[in-house]
Amino acid sequence: MKTLRLLIIFPTALAMSLVFAQTNLAQTPKIQINRNLQADPLILKGKSGGTVKSNCGNITTEPNQVIQVTESLPYLRLTVESQGKPTLLIDGPGGRFCVIADKYSGGKPELSGYWQAGTYSVYVGELDVSQAKYSYTLSISQINSH
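First residue of the sequence shown: 160, per this note's numbering; consecutive thereafter.
So, in structure tokens, the structure goes:
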């Protein structure tokens, strides 16, 4: 009887864990961007950092944001601000890019230029070795202010 009970409980537990795993993946915010950005800049907020050590600081296992660029854009700029030491890791059709703040960026990691159509995973990392998490603001703009 105990074996039968385990055979019923185990598949149920496995199914529940898969449902929760799918729920976590579905929680990654996704936005679509085209030439007609509704609000410029578009402001997104979240928490930087995570438990995964990378060459771009501590990041989360899932992206903080997924951006779908629906058509190639001649110019797009992503800038992140935080109280900590934020990084910007972007994985997309053109490759994987890590941006770390420097004195020229005023402590705000920024990636700008031509963006081809496709899906981009954006991770807001943290260089703080204590694995602290900080509130961040991610600004997305099509206005070339430089």
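Just so you know, even glycine gets a beta-carbon here, dropped at the ideal spot from N, CA and C.
Three-state secondary structure assigned by DSSP to tyrosine 273: Residue numbering aside, residue 273 sits at position 114 when the sequence shown is read from its first letter. In this structure, tyrosine 273 counts as strand in the three-state DSSP scheme.
query: Which whole-angstrom value is the C-beta distance of tyrosine 282 and isoleucine 218, which I expect to be below 8 Å?
result: Sequence index remark: in the sequence shown, residue 282 carries index 123 (1-based). Sequence index remark: in the sequence shown, residue 218 carries index 59 (1-based). Right, their Cβ atoms sit about 4 Å apart.
- request: With glutamate 240 as the anchor, note down where its beta strand (DSSP E) starts and where it stops.
  value: On the sequence shown, position 81 is the one that residue 240 refers to. Counting along the chain, the beta strand (DSSP E) containing glutamate 240 begins and ends at 232-241.
field: C-alpha distance - tyrosine 273 paired with serine 213, whole-angstrom precision
entry: In the sequence shown, residue 273 corresponds to position 114, counting from 1. In the sequence shown, residue 213 corresponds to position 54, counting from 1. The alpha-carbon atoms of tyrosine 273 and serine 213 are separated by roughly 25 Å.
query: Taking DSSP as the reference, what is the three-state secondary structure of lysine 262?
result: One-based indexing of the sequence shown puts residue 262 at position 103. Looking at lysine 262 - three-state DSSP - the assignment turns out to be helix.
task: Would you check if the segment 193-207 and the segment 225-242 touch, i.e. whether three or more CB-CB distances between them fall below 8 Å?
output: yes
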